[in-house]
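Peer 1: Here the sequence shown stands for residues 3 to 273, where the numbers follow the numbering used here. Positions of the beta carbon are idealized from the N, C-alpha and C atoms, including for glycine.
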Amino acid sequence: MSQKKKRNRRRRRPKEAPHAVDQNYGEEEKIRLNKYIAHCGFCSRRKADDYIAAGKVEVNGEVVTQMGVKVQRSDKVVVEGQHLSLEKFVYILLNKPKDTITTTDDPRNRDTVMDKIEDATGKRVYPVGRLDRHTMGLLLLTNDGDLANRLMHPSYEVRKIYEVETARKLEAKELKQLAQGIELEDGFAQAKDITRISNQNSFVLTVFEGRNRLVRRMVEYFGTEVTKLKRADYAGLNLDNVKMGRWRYLKKGEINALRTLVNLKPLNFKG
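1. Can you give me the Cβ contacts of I184 inside the same chain, cut-off strictly under 7 Å, excluding the 5 residues immediately before and after it?
2. Go through the region 18 to 60 residue by residue and report every complete run of the alpha helix (DSSP H) that reaches 4 residues or more, in order.
3. Quick one: complete alpha helix (DSSP H) runs, 4+ long, within the region 101 to 182?
4. With distances taken Cα to Cα, identify the nearest neighbour of K78 among M69, Q182, V65, R152.
5. Out of curiosity, what's the CA-to-CA distance linking E31 and F271?
6. Looking only at its own chain, which residues have a Cβ that is under 7 Å from the Cβ of S87, when we skip the five neighbours before and after it?
7. Rounded to whole angstroms, what is the Cα-Cα separation between E176 and F44?
8. Per DSSP, what are the beta-bridge partners of N240 in this structure?
9. For a quick check, are the C-beta atoms of R233 and T104 less than 8 Å apart?
10. Identify which residue in E29, Y27, K267, L263 has its Cα closest to the Cα of H155.
11. Going by C-alpha distance, which of S204, A181, D188 is nearest K194?
Structural data, given as structure tokens:
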């Protein structure tokens, strides 16, 4: 995509998210500084800690380097010269195309997932986890840092369903071996609910972890390679009525189902 095309897309008026919800912190409620920064959509809590430690965060005009400091929504918080404020949470489901980078920016000016949702919202949202460049399918983007971090944490074992096509048709005994589990260089890996698609070089499998290139490496274990990979389901969400390269906002019930899945309180959309 050319620089000119990217600039033109950025001029579009953002759509209003139908289910954006206010972060209902009281005016005098105390919020940990790293959590406040994350809930402003600036970065993750872990990254916020790095900014704080590096002396790049100011609260009411004073540099703060101590962890655990708490602020109120009325305080003036500035990170690297940028004044932050609590944004409404928004949740976007993207059907990621092939050859699209899962990042907020790319120094080589390649297509990113952010280019696909440039007209979605004026708020800063971030991908929940990663799909490699050549993997297609369901990707969530949000500024709800608590939800994103828990969905990515291995302890919550979030379900992911992939449609896989391989260069060589895996034999029935190899699919059975995948279901029983194999040993990769970074540990044991196991697929669930493996179903062959017709009699082709394709099958559907479920995993409950998100290690880097996991499905591709599981296939490579048998001396062949993935030729097509698509994530069709993530945490109970699917791609129904979302064409390749398109996106939609999550529905209220979907948002709270995700939060409940990772032991977060449901949001109050009436507030």
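Peer 2: Checking against the coordinates, here is how it stands:
1. A191, M220, Y223
2. Within the region 18 to 60, the runs of alpha helix (DSSP H) at least 4 residues long that lie entirely inside it are, in chain order, 35 to 41, 47 to 55.
3. 115 to 118, 147 to 154, 174 to 182
4. The option with the nearest alpha carbon to K78 is V65.
5. Taking the straight line from one Cα to the other gives about 20 Å.
6. Contacts found: C42.
7. 45 Å
8. D235
9. no
10. When the alpha-carbon of H155 is set against those of E29, Y27, K267, L263, the nearest one is in L263.
11. A181
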